[in-house]
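> Please see the structure below; I have some questions.
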Amino acid sequence: MTAGAGAGTSAGSGAPAGTGGGAGAVPAEFLAGFPETLAEISRSCRTLTRAERESRRALGEQAADAGIGLRELTAGHLAAARRAWAALPGVAGARDAAELRRVGGAVLGALEAGIGALAEGHARAQRHAVRRAEAARRAFVDDLLYGRSDPGRIAELAEGFGLRLAERHVVAVGTPPPGHPYDEAHPLLRRVERELAGRFGDHDALIAPKDGRLVCVAPTGQRPVLDAFVKLVSAADGARVAVSRAHSGAVGVVRSYEEALSALDLAERLALDGRVLSAADLLVFPVLMRDRAAMTDLVQSVLGPLEAARGGAAPLLDTISAYAAAGYVNAEAARRLDLSVRALSYRLERIAALTGFDPDDPLQRYTLETAALGARLLNWPPSAPSA
Numbered sequence: 001m002t003a004g005a006g007a008g009t010s011a012g013s014g015a016p017a018g019t020g021g022g023a024g025a026v027p028a029e030f031l032a033g034f035p036e037t038l039a040e041i042s043r044s045c046r047t048l049t050r051a052e053r054e055s056r057r058a059l060g061e062q063a064a065d066a067g068i069g070l071r072e073l074t075a076g077h078l079a080a081a082r083r084a085w086a087a088l089p090g091v092a093g094a095r096d097a098a099e100l101r102r103v104g105g106a107v108l109g110a111l112e113a114g115i116g117a118l119a120e121g122h123a124r125a126q127r128h129a130v131r132r133a134e135a136a137r138r139a140f141v142d143d144l145l146y147g148r149s150d151p152g153r154i155a156e157l158a159e160g161f162g163l164r165l166a167e168r169h170v171v172a173v174g175t176p177p178p179g180h181p182y183d184e185a186h187p188l189l190r191r192v193e194r195e196l197a198g199r200f201g202d203h204d205a206l207i208a209p210k211d212g213r214l215v216c217v218a219p220t221g222q223r224p225v226l227d228a229f230v231k232l233v234s235a236a237d238g239a240r241v242a243v244s245r246a247h248s249g250a251v252g253v254v255r256s257y258e259e260a261l262s263a264l265d266l267a268e269r270l271a272l273d274g275r276v277l278s279a280a281d282l283l284v285f286p287v288l289m290r291d292r293a294a295m296t297d298l299v300q301s302v303l304g305p306l307e308a309a310r311g312g313a314a315p316l317l318d319t320i321s322a323y324a325a326a327g328y329v330n331a332e333a334a335r336r337l338d339l340s341v342r343a344l345s346y347r348l349e350r351i352a353a354l355t356g357f358d359p360d361d362p363l364q365r366y367t368l369e370t371a372a373l374g375a376r377l378l379n380w381p382p383s384a385p386s387a
């Protein structure tokens with residue numbers, strides 16, 4: 001529908017197009033040309049042209065961008081049509097009821113098509129706004145977790161997402177069941193957001209998918225929100241969640257995120273049990289690997305002789321790990337390895353004979369256990385199966 005010089009008034013009424021009839025919230029420019037188009041259609045009984053429909057779509061987009069709701073926009077157009085009705089040329093000049101019905105049908109059809117076009121444009125603008133918001137959120141999450149931007153700018157942007165980076169924050173990272181990466185469309189994300197909002201109302205935790213995982217950044221003062229996130233995400237079969245220590249500032253969030261990722265990586269490499277991991281509980285492993293050359297030398301010196309065993313080093317390495325995990329109780333270690341106690345004893349004897357370190361000696365067993373942990377971290381031997 002095209003704009004005309006009289007767009008600001010209803011045809012023949014003198015009333016402002018954007019007022020009255022419950023449409024007071026709609027500025028006149030969003031009703032531009034509407035009464036004039038209805039007047040012309042009442043004379044010709046034609047349908048809306050493609051250009052007129054596209055004009056309404058454009059106005060619908062503009063109204064959405066201006067913050068005008070579709071309900072108000074629709075009400076404004078209906079009110080303008082009601083005010084203009086009696087003065088429409090085709091209505092005023094109708095000679096009989098049949099002609100009035102024909103004119104009325106054409107006007108109502110144009111009204112229906114025009115409002116439909118408005119709704120399409122309004123919805124299109126909202127979709128664009130959602131996509132822009134999602135893109136901005138993804139960019140912010142990237143900058144926040146990777147520390148790619150100036151900390152001051154990150155802190156400023158964070159306010160818009162409910163984060164106050166001057167506080168201490170904890171980061172939890174959840175990995176999905178195999179083959180089911182998390183993204184914006186994943187039902188778990190919607191469920192987590194819905195349940196946290198239902199339980200805690202307006203909280204300050206940021207929840208977002210990242211690289212197929214689900215991330216929660218929460219202030220330490222809202223630990224119940226984080227705990228609820230961990231419980232929901234870790235409940236799925238095959239899922240696992242790692243929780244960082246608390247750190248302050250934008251740099252602290254990056255550090256917390258890296259801690260959680262490192263905990264997940266260590267758990268996989270060391271075949272650790274448990275669906276919920278605490279980075280604080282795994283701090284010893286980065287310490288062990290801080291001097292990689294020294295750890296490599298320890299593994300080769302202590303465990304290297306195991307490669308001479310029949311079947312290679314892997315079975316005996318598994319035995320050292322299982323024996324330590326069982327608290328050096330033979331029966332429990334044998335159960336974990338699915339061996340008889342006698343077979344376990346034979347393996348322990350072979351370990352002592354090949355390495356020179358006795359698993360039953362308190363000091364020597366510590367050396368063996370540390371070397372076994374280092375072997376897992378170094379993926380030694382390369383073909384070793386997970387315990």
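Residue numbers are given in the UniProt record's numbering: position 226 of the sequence shown equals residue 226, and the series is strictly consecutive.
Don't be surprised by glycine CBs; every beta carbon is placed ideally from N, CA and C.
Keep in mind that this is a model prediction, so the values were computed, not measured.
#1: Where DSSP assigns a beta bridge to ARG213, which residues make up the other side?
#2: Rounded to whole angstroms, what's the CA-CA distance from GLY238 to LEU363? Just pull it up for me.
#3: In the DSSP assignment, find the unbroken alpha helix (DSSP H) run with THR367 in it and report its ends.
#4: What is the C-beta distance between LEU337 and ASP318, in whole angstroms, given that I count them as a contact (C-beta under 8 Å)?
#5: Quick one: what's ALA218 bridged to in DSSP?
#6: Does the Cβ of ALA23 have 16 or more other Cβ atoms within 10 Å, making it buried, or fewer, making it exposed?
#7: Would you mind sorting TRP380 into buried or exposed? The rule is 16 or more other CB atoms within 10 Å of its CB.
#8: If you check the beta carbons only, do ARG57 and GLU99 fall under 7 Å apart?
#9: On the criterion of 16 or more Cβ atoms from any shown chain inside 10 Å, does residue 388 qualify as buried, or is it exposed?
#10: With DSSP collapsed to three states, give me the class of SER248.
#11: Among ALA86, SER340, LEU303, ALA136, whose alpha-carbon lies nearest the alpha-carbon of ALA352?
#12: Ordered along the chain, which non-local residues of its own chain (more than five positions away) have a Cβ less than 8 Å from that of SER340?
#13: Determine the direct distance from the alpha carbon of ASP273 to that of residue 403, and round the result to whole angstroms.
#14: Within the same chain, show all residues whose beta-carbon is closer than 6 Å to that of GLY249, passing over the 5 residues directly before and after it, in chain order.
#15: Where does the unbroken alpha helix (DSSP H) through LEU317 begin, and where does it stop?
#16: Tell me which residue opens and which closes the beta strand (DSSP E) that ALA242 is part of.
#17: Taking Cβ positions, are LEU282 and LEU266 nearer each other than 7 Å?
#18: Alpha carbons only, please: which of CYS45, GLN222, GLY374, ALA218 is nearest the one belonging to ARG292?
#19: Pick from ARG137, ALA325, ARG53: whose alpha carbon is nearest that of GLY116?
#20: Measure the alpha-carbon distance for LEU118 versus LEU59 and round it to whole angstroms.
#21: Tell me whether GLY76 is buried or exposed, calling it buried when 16 or more other Cβ atoms sit within 10 Å of its Cβ.
#22: Consult DSSP for LEU283 and reduce its assignment to one of helix, strand or coil.
#23: Which partner residues of LEU277 appear in the DSSP bridge assignment?
#24: Quick check: VAL276 and VAL233, are their CB atoms within less than 7 Å of each other?
#25: What does a CB cutoff of less than 7 Å around SER10 pick up in its chain, not counting 5 residues either side in sequence?
#26: Per the DSSP calculation, THR175 is bridged to which residue(s)?
#27: Which residue from GLY162, HIS247, ALA125, GLU369 puts its Cα closest to that of ASP202?
#28: My output table needs one value for ASP183: the three-state DSSP class, helix, strand or coil.
#29: Taking only the alpha-carbon atoms, compute the straight-line gap between ARG365 and LEU264 and give it to the nearest angstrom.
#30: My output table needs one value for ARG95: the three-state DSSP class, helix, strand or coil.
#31: Going straight from the alpha carbon of PRO181 to that of VAL241, what length do you get?
#32: State the Cα-Cα distance for the pair ALA205 and GLY33, rounded to the nearest angstrom.
#33: Give, in chain order, every unbroken run of the alpha helix (DSSP H) that is at least 4 residues long and sits entirely within the region 95-128.
#34: By a C-beta neighbour count over all protein chains shown, 10 Å radius and 16 as the cutoff for buried, is GLY174 buried or exposed?
According to the structure shown:
#1: ARG213 pairs with LYS210.
#2: The straight-line gap from Cα to Cα measures roughly 37 Å.
#3: Membership of THR367 in the alpha helix (DSSP H) is indicated by the continuous run 362-377.
#4: LEU337 to ASP318, Cβ: 7 Å. Contact.
#5: VAL170, per the DSSP bridge assignment.
#6: The predicted position of ALA23 is uncertain, since its pLDDT is 39 and thus under 50; a value taken from the coordinates is nonetheless stated next. Classification for ALA23: buried.
#7: TRP380 should be labelled buried.
#8: No, Cβ-Cβ distance for ARG57 and GLU99 is not below 7 Å.
#9: Because the chain in this structure spans residues 1 to 387, residue 388 falls outside the shown range and cannot be described.
#10: Strand, per DSSP.
#11: Of the candidates ALA86, SER340, LEU303, ALA136, LEU303 places its Cα closest to the Cα of ALA352.
#12: Hits under 8 Å: ALA334.
#13: Only positions 1 to 387 of the chain appear in the structure, and residue 403 is not among them; the question remains open.
#14: Taken in chain order, the residues that qualify are LEU165.
#15: Looking at the DSSP string, the run of the alpha helix (DSSP H) that includes LEU317 is 314-325.
#16: ALA242 -> beta strand (DSSP E) spans 240-243.
#17: LEU266 sits close to LEU282, with the two beta carbons spaced by under 7 Å.
#18: Looking at the Cα atoms, GLY374 is the closest of the given residues.
#19: Among ARG137, ALA325, ARG53, the Cα nearest to that of GLY116 belongs to ARG53.
#20: When rounded, the separation of the alpha-carbon atoms in LEU118 and LEU59 is 7 Å.
#21: With at least 16 other beta carbons inside 10 angstroms of its own, GLY76 counts as buried.
#22: In the three-state DSSP reduction, LEU283 falls in the coil class, being neither helix nor strand.
#23: Beta-bridge pairing links LEU277 to ALA242.
#24: When the beta-carbon positions are compared, VAL276 and VAL233 stay at least 7 Å from each other.
#25: Low confidence applies here, because SER10 scores a pLDDT of 38, under 50, leaving its location unreliable; read the following figure in that light. So the qualifying residues of the chain are ALA17, PRO35, ALA80, ARG83, ALA84.
#26: Bridge partners of THR175: ARG240.
#27: ASP202 has its Cα closest to that of GLY162, out of GLY162, HIS247, ALA125, GLU369.
#28: ASP183 falls in the coil class under three-state DSSP.
#29: So the alpha carbons of these two residues sit roughly 27 Å apart.
#30: Coil, per DSSP.
#31: One alpha carbon belongs to PRO181, the other to VAL241, and they sit about 14 Å apart.
#32: Looking at the two C-alpha atoms, the distance is approximately 47 Å.
#33: Contiguous alpha helix (DSSP H) elements confined to the region 95-128 do not occur, taking only those with 4 or more residues.
#34: Label assigned to GLY174: buried.
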